[in-house]
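Visitor:
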Amino acid sequence: PPHVKFIFATTEIRKVPITVLSRCQRFDLRRIDAGALVAHLSSIAGKEGISVDDDALAMIARAAEGSARDSLSILDQAIAHGAGSVSAEAVRAMLGLADRARIVDLFEHVMKGDVAAALGEFRAQYDTGADP
């Protein structure tokens with residue numbers, strides 16, 4: 069019927085057949101600024117009565133890489149892991165991120181040429197789940 073409109077959303081436009089693409093209007097969506105994501109997530113957490121550290125929100129926004137859907141999914145995971153409150157440390161562990169202080173330690177060992185200490189620090193970070 070003429071009143072029916074279809075909306076297709078995809079992250080893989082190359083998989084859509086050319087016969088379909090030729091009949092579509094295409095709108096490419098841009099990534100959302102991390103600051104806007106943090107504000108959005110903070111608003112949601114407030115409405116849900118969830119306590120979330122500002123640093124945790126910043127980590128979630130960075131991990132989402134501009135995607136509102138991904139940021140909400142990560143926030144939901146963090147809330148489930150934190151049982152009602154979300155700390156930066158919990159998000160760091162959940163995402164497998166290395167602690168900044170430990171990254172600095174690793175860098176210092178490398179700059180001093182202390183290969184054994186650098187490899188030991190790298191192994192320790194890897195063993196705790198940090199993404200190399």
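Numbered by the working numbering, the letters in the sequence shown go through residues 69 to 200 in order.
Positions of the beta carbon are idealized from the N, C-alpha and C atoms, including for glycine.
1) Could you name the residues that DSSP lists as bridge partners for Ser-119?
2) Measure the C-alpha to C-alpha separation of Ala-113 and Gly-181 and round it to an integer number of angstroms.
3) I'd like the list of long-range same chain contacts for Leu-140, defined as Cβ closer than 8 Å, with 5 residues on each side in sequence excluded.
4) Determine the direct distance from the alpha carbon of Ile-171 to that of Leu-165, and round the result to whole angstroms.
5) Would you report the Cα separation of Phe-74 and Ile-81, rounded to the nearest angstrom?
6) I need the straight-line Cα distance from Ala-158 to Leu-125, nearest angstrom please.
7) Does the region 131–150 come close enough to the region 175–189 that 3 or more CB-CB pairs lie under 8 Å?
8) Helix, strand or coil for Glu-189 per DSSP?
9) What three-state label does DSSP hand Phe-76 in the structure shown?
10) Since Arg-121 and Val-154 should fall inside the 8 Å C-beta cutoff, what is the C-beta to C-beta distance between them, to a whole number of angstroms?
Guide: Once the coordinates are examined:
1) Within the sequence shown, residue 119 is the residue found at index 51, counting from 1. Its beta-bridge partners are Ser-153.
2) As a working mapping, residue 113 is identified with position 45 in the sequence shown. As a working mapping, residue 181 is identified with position 113 in the sequence shown. Near 45 Å, if we compare the C-alpha coordinates of Gly-181 and Ala-113.
3) Stepping through the sequence shown from its first residue, residue 140 is reached at position 72. Leu-109 and Ile-112.
4) For the purposes of this step, residue 165 is identified with residue 97 of the sequence shown, where counting begins at 1. For the purposes of this step, residue 171 is identified with residue 103 of the sequence shown, where counting begins at 1. Going from the Cα of Leu-165 to the Cα of Ile-171 covers about 10 Å.
5) Here residue 74 corresponds to residue number 6 of the sequence shown, with the count starting at 1. Here residue 81 corresponds to residue number 13 of the sequence shown, with the count starting at 1. Rounded to the nearest angstrom, the two C-alpha atoms are 16 Å apart.
6) If you number the sequence shown from 1, residue 158 lands on position 90. If you number the sequence shown from 1, residue 125 lands on position 57. Cα-Cα distance, rounded: 11 Å.
7) no
8) Numbered from 1 along the sequence shown, position 121 holds the residue referred to as residue 189. Note: Glu-189 maps to helix in three-state DSSP.
9) Position 8 of the sequence shown, counting from 1, holds the residue named residue 76. Three-state DSSP puts Phe-76 in coil, outside helix and strand.
10) Along the sequence shown, read from residue 1 onward, the residue named residue 121 stands at position 53. Along the sequence shown, read from residue 1 onward, the residue named residue 154 stands at position 86. The residue asked about is misnamed: residue 121 is Asp in this sequence, not Arg. Confirmed, about 7 Å.
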